[in-house]
Amino acid sequence: MTAAANQNHSISAPLLQLQEVSLRYGDKSKISFKSIGYDKYSGPAVDQVSLQLAAGETLGLVGESGCGKSTLGRIAAGLLLPDSGQRLWCGEDVRQLDAAAQRRARLDVQLIFQNSHAALNPRLRSEQLIGEAPVVHGLIRASERRDWVIQLLQRVGLDASHIDRYPHQFSGGQRARLGIARALAVQPRLLICDEAVAALDVSVQAQVINLLLSLRAEFGLSMLFISHDLDVVRHLSDRVLVMHAGQIVESGATESVYHQPQHAYTRSLLESIPRLARI
Amino acid sequence: MSARELLRGFQRSHLAMAGLSLLALLLLLALAAGVIAPQNPYDLAQLDITDGRLPPGERLGSGALALLGTDDQGRDMLSAILYGLRISLLIGTGSTLLALAIGLTLGITAAWHGGWIDALIMRVADIQLSFPAILIALVLLAVFGQGSDKILLALVAVQWAYYARTVRATALVERGREYIEAARCLALPGWRILLWHLLPNCLPPLIVVATVQVASAIALEATLSFLGLGLPITEPSLGLLIANGFSYLLSGKYWISLFPGLALLLLIVSLNLVGDRLRDLLDPRLQ
Numbered sequence: 020m021t022a023a024a025n026q027n028h029s030i031s032a033p034l035l036q037l038q039e040v041s042l043r044y045g046d047k048s049k050i051s052f053k054s055i056g057y058d059k060y061s062g063p064a065v066d067q068v069s070l071q072l073a074a075g076e077t078l079g080l081v082g083e084s085g086c087g088k089s090t091l092g093r094i095a096a097g098l099l100l101p102d103s104g105q106r107l108w109c110g111e112d113v114r115q116l117d118a119a120a121q122r123r124a125r126l127d128v129q130l131i132f133q134n135s136h137a138a139l140n141p142r143l144r145s146e147q148l149i150g151e152a153p154v155v156h157g158l159i160r161a162s163e164r165r166d167w168v169i170q171l172l173q174r175v176g177l178d179a180s181h182i183d184r185y186p187h188q189f190s191g192g193q194r195a196r197l198g199i200a201r202a203l204a205v206q207p208r209l210l211i212c213d214e215a216v217a218a219l220d221v222s223v224q225a226q227v228i229n230l231l232l233s234l235r236a237e238f239g240l241s242m243l244f245i246s247h248d249l250d251v252v253r254h255l256s257d258r259v260l261v262m263h264a265g266q267i268v269e270s271g272a273t274e275s276v277y278h279q280p281q282h283a284y285t286r287s288l289l290e291s292i293p294r295l296a297r298i
Numbered sequence: 663m664s665a666r667e668l669l670r671g672f673q674r675s676h677l678a679m680a681g682l683s684l685l686a687l688l689l690l691l692a693l694a695a696g697v698i699a700p701q702n703p704y705d706l707a708q709l710d711i712t713d714g715r716l717p718p719g720e721r722l723g724s725g726a727l728a729l730l731g732t733d734d735q736g737r738d739m740l741s742a743i744l745y746g747l748r749i750s751l752l753i754g755t756g757s758t759l760l761a762l763a764i765g766l767t768l769g770i771t772a773a774w775h776g777g778w779i780d781a782l783i784m785r786v787a788d789i790q791l792s793f794p795a796i797l798i799a800l801v802l803l804a805v806f807g808q809g810s811d812k813i814l815l816a817l818v819a820v821q822w823a824y825y826a827r828t829v830r831a832t833a834l835v836e837r838g839r840e841y842i843e844a845a846r847c848l849a850l851p852g853w854r855i856l857l858w859h860l861l862p863n864c865l866p867p868l869i870v871v872a873t874v875q876v877a878s879a880i881a882l883e884a885t886l887s888f889l890g891l892g893l894p895i896t897e898p899s900l901g902l903l904i905a906n907g908f909s910y911l912l913s914g915k916y917w918i919s920l921f922p923g924l925a926l927l928l929l930i931v932s933l934n935l936v937g938d939r940l941r942d943l944l945d946p947r948l949q
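In order, the protein sequence lines correspond to chains S and V.
The first sequence stops at residue 298 when you use this note's numbering, and every number in between is there.
The second sequence stops at residue 949 when you use this note's numbering, and every number in between is there.
Structure follows, in structure tokens:
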């Protein structure tokens, strides 16, 4: 399989490919950064999941809580190493690349977190929060940091005056924007949104989703949008994957999955959406 | 956070400002002890045993005023307190800072690496903490002998485990939070995540522990001196001065213990006020 993947290494290779990845929890030696507390994702294993994501595509990943969506998202982000199976970025195994290419490949995929409060270091002001990584990686010079951060803040709908604020001085919606700005700062190609809007109230949700849509168009971003909210996923995605108990049970173009669900689990998921009765 | 911002933060709280001023005053007195003290209590030639146990306000044989009285050796209490303040502060803060540095390094290393390094460091800390502090210090002093440097080392040996444990517990919680994951995702170097992201978020509980520990280090030093294993009686710390007057308390010669006790009280209270405010200011979430 590896040989085939390497031959496929061409412009036509999908941006991200997961080939039959599996992850069981409980075996700490398999955790990629064992020094970091990933043992908290004690959900069920990801079981033999394959997926492809083309450049510019938005892929929705739906499923109930605990089905392994977040774990799959972190495997896709390269933060967790699967027990078996392969993760290919632009047709290549990132771990085989040289240091510079590896770093670029890591920066190319950024996570947007559900809990925007815990996802932002409480001791850093916006300027360092957003500007640290681009300076460390030499994307910008330290002297350009402030301007760079102001640009990003304005792009995500925050004010230039917010640059010296700490995370706790922002509202939930603003913190979500701050998290998006931090990801954008390293010029990624793929955003993995892990329940990115789930914690926000509905009107703010809509604003943040519209922001993501406009950023997607402007920067040609690909997105893996993980959510339990079927309506949000439908609104955003080109294709949808339905996950249940660690496996992908159904995949296809968004409208066909929503109109003609093939799998019984998808049908029950769709039927569980509360609707207003017709008057 | 700059020093100026910190000072401004202090000014917003009258109590903290009072604590800071008091601490500054005590520090100044301790530093200037050699200049402002009427007598050098370390110079045995200046002491006269016939001046012993004079009540406050009496004059020594030499004619000098003993504002706070004298102890049984004929030492001017005011001078002894100023010099004692200096020793107590030096030993208390010195041992705390040293223990803090060692405990912080070991604790955060344990939390970051996990595995056998974590197990080794924390089991040593457990063993250390299972003995009474006084016992460990006694053994060390019995082996190494007396002197302020030895007692400093003994206090460090007793204290580091508290910091290691506190820091590890905090670091374990903090490293599991999403902002560390985000830093990983941003491909920041491990040492940078450790020093710039993890460490600052582990400091607030340590600052609180440290302020309490300065006080307890001073108290432990006094205990050791009282037991005859700490500082020699010729170079008394505050704790030793209190211990000296202890046997005279019931005979009405209160000043030998009372005034060093008051000085110790003021020192500890001011340290705690400053530490408390510092914790609030260093944690943006509490502002």
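For each residue, glycine too, the CB sits at the ideal point set by N, CA and C.
{"Check": "Under 9 Å between C-beta atoms, does Asn863(V) make it to chain S?", "Outcome": "yes"}
{"Check": "Please state whether DSSP places Asp183(S) in a helix, a strand or coil.", "Outcome": "helix"}
{"Check": "Can you name, in chain order, every residue of its own chain whose Cβ lies under 7 Å from the Cβ of Leu93(S), other than the five neighbours on each side?", "Outcome": "It should be noted that the sequence gives Arg, not Leu, for residue 93(S). Excluding sequence neighbours, Arg93(S) sits near Leu99."}
{"Check": "Kindly list, in the order they appear in chain V, the residues whose Cβ is closer than 8 Å to that of Leu126(S).", "Outcome": "Leu848 and Ala849"}
{"Check": "To the nearest angstrom, report how far apart Pro700(V) and Thr896(V) are at their CA atoms.", "Outcome": "17 Å"}
{"Check": "Please compile the residues from chain S whose C-beta is within a distance smaller than 7 Å of the C-beta of Glu840(V).", "Outcome": "Phe132, Asn134, Ala137 and Ala138"}
{"Check": "Leaving out five residues on either side along the sequence, give the residues of the same chain with a beta carbon under 7 Å from the beta carbon of Arg184(S).", "Outcome": "Arg144 and Ser145"}
{"Check": "Verify whether the separation of the beta carbon atoms of Ala204(S) and Gly150(S) is less than 9 Å.", "Outcome": "yes"}
{"Check": "Applying the 10 Å Cβ sphere with the 16-neighbour rule, what's the burial state of Pro186(S)?", "Outcome": "buried"}
{"Check": "So, is Glu214(S) buried or exposed, given that buried needs 16 or more other C-beta atoms within 10 angstroms?", "Outcome": "buried"}
{"Check": "Between which two residues does the alpha helix (DSSP H) holding Cys847(V) run?", "Outcome": "Glu840 to Cys847"}
{"Check": "With distances taken between CB atoms, is the gap from Gly681(V) to Ser932(V) smaller than 9 Å?", "Outcome": "yes"}
{"Check": "Verify the CB distance criterion: does Trp822(V) have a CB-CB separation below 9 Å to chain S?", "Outcome": "no"}
{"Check": "Are His282(S) and Glu83(S) close, meaning C-beta to C-beta below 9 Å?", "Outcome": "no"}
{"Check": "Helix or strand or just coil, what does DSSP make of Glu76(S)?", "Outcome": "coil"}
{"Check": "What would DSSP say about Ser256(S), mapped onto helix, strand or coil?", "Outcome": "coil"}
{"Check": "Say whether chain S places a C-beta atom closer than 9 Å to the C-beta of Asp942(V).", "Outcome": "no"}
{"Check": "To the nearest angstrom, how far is the alpha carbon of Leu751(V) from that of His859(V)?", "Outcome": "32 Å"}
{"Check": "Nearest-angstrom Cα distance between Phe921(V) and Met739(V)?", "Outcome": "8 Å"}
{"Check": "What does DSSP give as the partner residues of Phe244(S) in its beta bridges?", "Outcome": "Gly79(S) and Cys212(S)"}
{"Check": "What's the C-alpha gap between Asp127(S) and Met242(S)?", "Outcome": "11 Å"}
{"Check": "Pick from Leu760(V), Asp938(V), Leu928(V) and Pro851(V): whose alpha carbon is nearest that of Ile743(V)?", "Outcome": "Leu928(V)"}
{"Check": "Closer than 9 Å, CB to CB, is Ser54(S) near chain V or not?", "Outcome": "Because the pLDDT of Ser54(S) is 46, which lies under 50, any placement of that residue in the model is unreliable, and the number read from its coordinates should be weighed accordingly. Yes, contact with chain V."}
{"Check": "Taking three-plus beta-carbon pairs below 8 Å as touching, is the region 904-911 of chain V in contact with the region 881-888 of chain V?", "Outcome": "yes"}
{"Check": "Taking only beta-carbon positions, decide if Gly62(S) is within less than 9 Å of chain V.", "Outcome": "For Gly62(S), the pLDDT reaches just 47, beneath the cut-off of 50, and the residue's location in the model is therefore unreliable, although a value from the coordinates is still provided. Chain V contact via Cβ: absent."}
{"Check": "Alpha carbon to alpha carbon, what distance is there between Pro280(S) and Leu288(S)?", "Outcome": "10 Å"}
{"Check": "Skipping 5 residues on each side, what residues in its chain have a beta carbon closer than 7 Å to that of Gln735(V)?", "Outcome": "Leu709, Ile711 and Gly714"}
{"Check": "Can you tell me the Cα-Cα spacing of Ile855(V) and Leu693(V), whole angstroms?", "Outcome": "39 Å"}
{"Check": "Nearest-angstrom Cα distance between Leu37(S) and Leu130(S)?", "Outcome": "17 Å"}
{"Check": "With 16 as the cutoff for other CB atoms within 10 Å, does Trp778(V) come out buried or exposed?", "Outcome": "exposed"}
{"Check": "Closer than 9 Å between beta carbons: that is the criterion. Which residues of the region 159-184 of chain S meet it against chain V?", "Outcome": "none"}
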